[in-house]
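K.L.:
The sequence shown begins at 20 in our numbering and counts up one residue at a time.
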Amino acid sequence: MYLAVPPPDDLEQARSCESLRTHVASAMALCPDRFRLHGRRKARHVPPARKGSDDPLRLVPKRRTRRRPEAAGPGSAAAQEAAAEALLRELLTEARQRGVTLEILAERAGYSERTLRRRLKAPETLPLGEFCRISRAAQEACAEGGRHG
């Protein structure tokens with residue numbers, strides 16, 4: 020099925036939008052309070068309009084910023100996380116070699132064995148306090164030679 024009327028071309032569409040644009044601009048100039056959001060929906064700031072334009076509907080396009088990948092240098096956060104994880108794994112390996120089980124280590128750290136296993140699955144998300152508790156418990160267990168008590 021074909022339409023009998025040909026579709027409007029770009030120039031015709033632009034002319035039809037122009038009357039709407041002038042109507043909205045005049046309405047906004049007459050009653051600006053009608054076009055402001057109140058209460059919770061109120062905008063925190065007015066978006067910037069393009070330079071040389073009085074039309075509030077012609078906004079400045081958003082700039083897309085690229086995130087820079089973190090360098091893996093000695094002072095970067097990724098390197099520090101890797102060093103902390105390696106230290107924790109080294110302490111746990113030494114404790115295991117001395118006969119300390121995860122159950123004993125969890126008891127000394129003040130966790131249940133299940134909680135300790137869950138924490139050690141994702142060492143990059145460990146808070147500093149928990150990291151210190153687990154590493155301190157592993158060091159104490161290594162110093163005592165694996166005796167439970």
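Note that CB positions come from ideal geometry on N, CA and C, so glycine has one too.
Keep in mind the model is a prediction, meaning the values are calculated, not measured.
Taking only the alpha-carbon atoms, compute the straight-line gap between C151 and T144 and give it to the nearest angstrom.
P.N.:
C151 and T144: Cα-Cα distance of roughly 13 Å.
K.L.:
Is it buried or exposed for R155, if we count other Cβ within 10 angstroms and need 16 for buried?
P.N.:
exposed
K.L.:
Our contact map puts A141 next to E132 with C-beta atoms below 8 Å; I'd like the distance itself, whole angstroms only.
P.N.:
Not really, about 17 Å apart at Cβ, beyond 8 Å.
K.L.:
Would L139 and L107 be called neighbours here (beta carbons separated by less than 9 Å)?
P.N.:
yes
K.L.:
With DSSP run on the structure shown, which of helix, strand or coil describes S131?
P.N.:
In the structure shown, S131 sits in coil (DSSP, three-state: anything other than H, G, I, E or B).
K.L.:
Taking a contact to mean a Cβ-Cβ separation below 9 Å, would you say C161 touches E113 in this structure?
P.N.:
yes
K.L.:
Rounded to the nearest angstrom, what separates F54 and R40 at their Cα positions?
P.N.:
15 Å
K.L.:
Classify A157 as buried or exposed, calling it buried when 16 or more other Cβ atoms lie within 10 Å of its own Cβ.
P.N.:
buried
K.L.:
From which residue to which residue does the alpha helix (DSSP H) around L111 run?
P.N.:
96-116
K.L.:
Take the Cβ of L111 as the centre, count every other Cβ of all protein chains shown within 10 Å, and call the residue buried at 16 or more, exposed below.
P.N.:
buried
K.L.:
Can you tell me which of the three DSSP states D52 falls into?
P.N.:
Correct three-state label for D52: helix.
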